Each structure stands twice: as C-alpha cells, then as structure tokens.
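Single-structure report; data block below.
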Amino acid sequence: MRPTIHYGRRSALTLVLGVCVSLACSASLVAQAQAPLKSVSIVVTGGIVVTMDPQYKVLWPGAIAIDGQKIVAVDTPENIARAYRGAQVIQAGGHVVMPGLINTHTHAAMVMYRGLADDLALMEWLQKYIFPAEAKTVSPELVRIGTRLAALEMIESGTTLFTDMYYFEEEVGRVVRAAGLRGVLGETVIGFPVADAKTPAEALARAERFIQEFKNDALVIPAVAPHAMYTNDTATLTAARDLARKYGVPLLTHVAETQDEIKTSHDKYKMSPVAYLESIGFWGPATLAAHFVHVSDDDLAILKKRGAGLSHNPESNMKLASGTAPVSKALKAGINVGLGTDGAASNNDLDMFEAMRQAAFLHKLVENDPTAMSARTALEMATIGGARALGMADRIGSLEPGKLADLIIVSMQSARQTPLYNPISHLVYVTRGDDVRTSIVNGRILMRNRRVLTLDAPAVIADAVALARKVRAAVQPAAQSSTPR
Ligand SMILES: [Zn+2]
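Going letter by letter, the sequence shown gives residues -18 to 466 in my numbering.
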C-alpha cells in the first residue's frame, strides 16, 4: 500500500491544531464545532469501495467508517470526513476496498498434504493416498499446525471466513479465535475409524461437545459435517441432521462429487445422492453441500425447495477431473451458491481470487459461452453469494451499514493491474491473493500492509516445515531422498 498513515486520537488532534493556522482551517474547525464528529474505531478512506450491496454500488472514491465490530457508514470520503473521526485512519487511495472473501468449502489442515499426491482421480486419490495418510498422521498437533498455516495463507490472500470440515475441529476453533478469522467449522462424521473417533457415534458425541464449546463464540460458528452419503450410513446421516437441528447449527457435507458416488447411490438406494438425502429428510436451509457436480434438474429442484446452500469448487473439480458443476443452472434456479477452494491437497492453494478466475473461465469454456459466468457473478459467489449459502447474508458478505466489519484492501497499482477501467474485472481476471494489503475481520485488523498481526508468520511456516518431515516419513518411508521443505 502507498504510505498508510494511522493517526491515534491525540495525534490527529495535534495534527489538526498544528496545521490549522490559516483562516480557512479556522473555518473548518468552526464547522466541526457546529457538527461534532462521531468517534469511531477505524475510517478507511480514498479507495474504490466495491460494496456488493443489492445495487452492486461502487464508490470511486469512497470511504467506510467502522466502529467496534460493525460498519457504521459507507459513503464518499467527504461525507465520512464530515461525520466521523477514526481512531485509526487508513488511506486506501489506489486500492479497492471490498468485502472479505468467503471460502464456502475447505479442509484447512490439509495444507499439510499439499503436493503429497497429485494427478489422480478422486477415489484413487482418496483411498490410496489421502485416507491412509490421514490415518497415519492426523493428530491434534497436525490440525493445529496445519490450520495455523492455512489461516496465514487465507489472511494473506483475502479470505475472512472459511467453512471447514475436518477432525479435531476444536483445534481449528482455537486457531480461528487466535488468528481472528471467522470460521464455520464442522466436526467430521465418517463411517470408518479415524484419528479422533473410532465410530460415527463417537464422532457425533465429539461434534456435540464441539458445538457446546463454541456455540456462543464471536468468530466460530460450530457445525456438524457428515463427510458424504457414500461414507456414512442412513442412521449416521439422520443422527447428524438431528444434532445440527437440536443446536440450530449448519450441516455440511459433500454431494454428487463424482460419477462413482452416483453409481454407489443408485446401486444402494436406487436414486441419486440428492434424492436419497431428500428421502431421509437431510436437506434444509442450514445445509451446505459442496461440489454438486453430477446433479439433475430434479436434484436442483429439491435443493431449491429445501433452501439448501451449495459450494462450487472449480479448481478441485478440474484437478480431480470430477466434472463441472451446473452452476449457471443452479443460480438461475435461485439456489444460493458460494465458492470454495476445497482442501489444499486438491487445489493446491487457498487463494479465492484464483478460484473466482477459474470459475469464470471454466463455465465460459464448458458452456461454450463467454457470457456464461461474468466477473460480477464470480465475485458475488465469493462474497455475498457465499454469505447467502451459509445463511449469513444479514451479517456479512457486503459492505453496508450495520453489517460486521469483514473487509479487505486490495492494491490495484501493479503493472499487471494497469490500466484500471473496471475494478470488478480486475478483481476477477488479474488480481492475485498477494495483492491483498490489509485485512479486517469483526472490526479487528488482522493484516496491515502485508504484515499479519495475529500470527507469527515465520514460526507458523517453521512449524509446518518440521511437521512435513514427519508426514513424509509416515506416508512414504521409501521416498526419503527428497527432503520436504
Ligand atoms: Zn472437500
């Protein structure tokens, strides 16, 4: 960011008094005296404010006043300056100010398996590599160190909320609290013994304890995450649904990801995965299903009727050659669709800017139509669309007074981003996670001018490097020749 000036209250006053020796300035002091400024915690001013509000308003330039956890005003820099005095003022000239990105599907700690097994189909990848690697290495320590690494990557690339499905989710919750991110965190329930539960019943009991520990947290929304219909039986899926309903928390799952899953569902239940889950009363407004690659119009009608949210994960679907989710159809049907990265083992990063770009390109190509997914639609899925899919659009996803202050400041000054005619085009088609300069979640600055304030970045990376040696040794004892970094 260009020189960013943070004035404390006293220094701002000193500055005003020091500079105000002219008549013009005296006049402005009189004006201030007539309309006293309201003190707020942060004012961000001078940037291009991309609100993603219902009118898709862009203020160029614009300003935002934040007080405590919430946005109190979004307006022109002049109007904000006339009404508010920020304890901290962030000059955002040459930058876009926008809602923080919402990742609707990931497995944060799986950054520890990044690059461990690539170029394989989902079932082979899962069954030969990922599930065995997890069986040998998942521990509270791996989840803690992996999620810290993921949190660092997410803060650095503009994600302010992520939806997680993993094991030892209480470790994820503690990292989220410390890092200052927002998280919808689902304890995984799966039909075979895993590191944190020998049986689905044990996993459900663990999920309930997790919900009780985090249900009143300011940043963590606990959830129940039955892995999929092909890895859980009917009794487990309905018990997971009941647990989510008992506490009024989200229910997260994977659905219709591959043709293998469709075949399994038809062989076992004589219907599609979506229809089977409908037959057991699984769907509801609090359910969020990732992938929906192989779904029919009837399946989409069920999801629409139940108000379920969906997460589109274009990079994971492409890398595993799972297929292409019918996103345009789902959006046209009025279903709330968010965007996700999926875990870093199948992506292989958590950069939501890249996910937006890949989503737009994928649907243009597959539908043979350059209008199939616009930059604005991709940006919407990554912001307010994700908030809608999570049932949180009243609180986050756009920059509007009254909403929680989850926002990012993104440089538009690189050679790659010059010239700048349309900020929304640039956000989707040229911006990378590294262009994010500052991140604010719940009114707290997590990263300022690329310096993450809530995590010790060198220590986070050093811990992950040390742990990666153990992962490599556990998974590929024969392949010790190349040392992981
Ligand atoms: Zn997944």
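Backbone N, C-alpha and C define an ideal beta-carbon position, used for all residues, glycine too.
Keep in mind that this is a model prediction, so the values were computed, not measured.
Review point. Taking the alpha-carbon positions, what's the V11 to P17 distance?
Key: Here residue 11 refers to the residue found at position 30 of the sequence shown. Here residue 17 refers to the residue found at position 36 of the sequence shown. Note on V11: pLDDT 46, under 50, position unreliable in the model; the coordinate value appears next. Distance from the CA atom of V11 to the CA atom of P17, rounded to whole angstroms, is 10 Å.
*asked:* Give the residues whose C-beta lies closer than 6 Å to at least one heavy atom of ligand 1, in chain order.
replied: Going along the chain, the residues that qualify are H86, H88, H235, A271, D323, G324.
Take the Cβ of A455 as the centre, count every other Cβ of all protein chains shown within 10 Å, and call the residue buried at 16 or more, exposed below.
If you number the sequence shown from 1, residue 455 lands on position 474. Under the 10 Å beta carbon count, A455 is surrounded by fewer than 16 other beta carbons and is classified as exposed.
- Query: Got a sec, what are the start and stop residues for the beta strand (DSSP E) R418 sits in?
  - Reply: By one-based count along the sequence shown, residue 418 stands at place 437. That run of the beta strand (DSSP E) goes 417 to 422.
| request: Measure the Cβ-Cβ separation of S309 and H344 and say whether it is below 8 Å. | output: Translated into the one-based positions of the sequence shown, residue 309 becomes position 328. Translated into the one-based positions of the sequence shown, residue 344 becomes position 363. In this structure, H344 lies closer than 8 Å to S309 by Cβ.
* Is it true that the CB of G288 sits closer than 8 Å to the CB of G319? -> Here residue 319 corresponds to residue number 338 of the sequence shown, with the count starting at 1. Here residue 288 corresponds to residue number 307 of the sequence shown, with the count starting at 1. G319 places its beta carbon 8 Å or farther from that of G288.
Next item on the list: Can you say whether A270 is buried or exposed, counting buried as having 16 or more other CB atoms within 10 angstroms of its CB?
Entry: Here residue 270 is taken as the residue at index 289 of the sequence shown, counted from 1. By the beta-carbon neighbour count (other beta carbons within 10 angstroms, threshold 16), A270 is buried.
What does a CB cutoff of less than 6 Å around D278 pick up in its chain, not counting 5 residues either side in sequence?
The sequence position of residue 278 within the sequence shown is 297, counting from 1. Cβ within range, chain order: n/a, list empty.
Which residue's Cα is closest to the Cα of E105: A225, R338, T239?
Translated into the one-based positions of the sequence shown, residue 105 becomes position 124. The residue with the shortest Cα to Cα distance from E105 is T239.
query = Among the residues of its own chain, which have a CB less than 8 Å from the CB of A468, if the five just before and after it don't count?
reply = As shown, the chain starts at -18 and ends at 466. That puts residue 468 outside it, with no answer to give.
### Task
Jot down the residue ranges of each uninterrupted beta strand (DSSP E) in the segment 232 to 265, minimum 3 residues, whole runs only, in chain order.
Annotation note: the segment 232 to 265 contains the following uninterrupted beta strand (DSSP E) runs of length 3 or greater, listed N- to C-terminal: 232 to 236.
Cβ-based burial, K19 [other Cβ within 10 Å; buried from 16] | Residue numbering aside, residue 19 sits at position 38 when the sequence shown is read from its first letter. The residue is exposed, with fewer than 16 neighbouring Cβ atoms inside 10 Å.
Item checked: Cα-Cα separation between M316 and A440, rounded to whole angstroms -> Indexing the sequence shown from 1 puts residue 316 at position 335. Indexing the sequence shown from 1 puts residue 440 at position 459. For clarity, residue 316 is Ile in the given sequence; the question names Met instead. The alpha-carbon of I316 is positioned some 42 Å away from that of A440.
task: Would you please state the rounded distance, in angstroms, between the beta carbons of G67 and L142? I believe it to be under 8 Å.
output: The residue given as residue 67 occupies position 86 in the sequence shown. The residue given as residue 142 occupies position 161 in the sequence shown. In fact, because the Cβ distance is near 24 Å, the residues do not count as touching under 8 Å.
From V347, L371, G372, F334, pick the residue whose C-alpha is nearest to that of R357; which is it?
Position 376 of the sequence shown holds residue 357. Closest in alpha carbon position to R357, among V347, L371, G372, F334, is F334.
Practice problem: Assess, as a yes-or-no matter, whether the segment 386 to 399 is touched by the segment 46 to 65 under the definition of 3 or more beta carbon pairs within less than 8 Å. | Solution: For the pair of segments examined, the segment 46 to 65 was found to touch the segment 386 to 399: the number of CB pairs separated by less than 8 Å reaches three.
**OP:** Could you tell me the distance, in whole angstroms, from the CA atom of I365 to the CA atom of F263?
**Re:** In the sequence shown, the residue the question calls residue 365 occupies position 384. In the sequence shown, the residue the question calls residue 263 occupies position 282. Each residue's Cα considered, the two are about 25 Å apart.
>> One question on the structure: do F191 and P181 come within less than 8 Å of each other, judged by their Cβ atoms?
In response: Here residue 191 corresponds to residue number 210 of the sequence shown, with the count starting at 1. Here residue 181 corresponds to residue number 200 of the sequence shown, with the count starting at 1. Contact check for F191 against P181 fails: the beta carbons are separated by 8 Å or more.
**Item:** For G172, the nearest candidate out of L185, A160, V165 (CA to CA)
**Value:** Stepping through the sequence shown from its first residue, residue 172 is reached at position 191. Of the listed residues, the one whose Cα sits closest to G172 is L185.
*Which class does A449 belong to by DSSP, given the choice of helix, strand or coil?*
Along the sequence shown, one-based indexing puts residue 449 at 468. DSSP places A449 in helix when its eight states are reduced to three.
**Prompt:** Between A160 and the rest of its own chain, which residues show a CB-CB distance below 6 Å, the 5 nearest in sequence each way excluded?
**Reply:** By 1-based counting over the sequence shown, the position of residue 160 is 179. Contacts found: A132, T435, L436.
If we ignore side chains and look at the alpha-carbon of each, how far apart do Y37 and A114 end up? Taking the sequence shown and counting its residues from 1, the one referred to as residue 37 is at position 56. Taking the sequence shown and counting its residues from 1, the one referred to as residue 114 is at position 133. Within the model, the alpha-carbon separation for Y37 versus A114 is close to 44 Å.
Inset, instruction - Taking the CB atoms as reference points, tell me whether I136 and L162 lie closer together than 8 Å. - result: Taking the sequence shown and counting its residues from 1, the one referred to as residue 136 is at position 155. Taking the sequence shown and counting its residues from 1, the one referred to as residue 162 is at position 181. Yes, they are a contact pair.
(request) Determine, using beta carbons only, whether T26 and Q72 come nearer to each other than 8 Å. (result) Counting from one through the sequence shown, the residue named residue 26 turns up at place 45. Counting from one through the sequence shown, the residue named residue 72 turns up at place 91. A Cβ-Cβ contact shorter than 8 Å links T26 with Q72.
query: DSSP puts E335 in a beta bridge; with which residues?
result: The count along the sequence shown starts at 1 and reaches residue 335 at position 354. Beta-bridge pairing links E335 to no other residue.
Out of S406, V411, P404, A445, state which residue places its alpha-carbon closest to the alpha-carbon of A468. Look at the range of the chain in this structure, -18 to 466, and you will see that residue 468 is not part of it.
Spatial neighbours of A225 in its chain, beta-carbon cut-off 6 Å, leaving aside the 5 residues before and after
For this step, residue 225 is matched to residue 244 along the sequence shown. In the same chain as A225, and ignoring 5 residues on each side of it, the C-beta atoms closer than 6 Å to its own belong to V205, L232, in chain order.
message = For P58 and Q339, I'd like the C-alpha separation in whole angstroms.
response = As a first step, residue 58 must be located in the sequence shown, where it is residue number 77. As a first step, residue 339 must be located in the sequence shown, where it is residue number 358. Inter-residue distance for P58 and Q339 is about 34 Å (C-alpha atoms, whole angstroms).
inquiry  = If I follow the unbroken beta strand (DSSP E) through H293, where does it start and stop?
reply    = In the sequence shown, counting from the first residue as 1, residue 293 sits at position 312. Counting along the chain, the beta strand (DSSP E) containing H293 begins and ends at 290 to 293.
Using the C-alpha atoms, what's the distance from T128 back to S138? Numbered from its first residue, the sequence shown carries residue 138 at position 157. Numbered from its first residue, the sequence shown carries residue 128 at position 147. The straight-line gap from Cα to Cα measures roughly 15 Å.
### Task
Grab me the residues of P207's own chain with a C-beta within less than 7 Å of its C-beta, minus the 5 sequence neighbours each way, in chain order.
To locate residue 207, count along the sequence shown from 1; it is residue 226. The residues are V170, N213, T217, L218, A221, T234.
Cβ neighbour criterion (16 or more within 10 Å) applied to D56: Residue mapping note: residue 56 aligns to position 75 of the sequence shown, counting from 1. Under the 10 Å beta carbon count, D56 is surrounded by 16 or more other beta carbons and is classified as buried.
Identity of the residue in M210, D375, M362 nearest I405 by Cα: Numbered from 1 along the sequence shown, position 424 holds the residue referred to as residue 405. The shortest C-alpha separation from I405 is found at M362.
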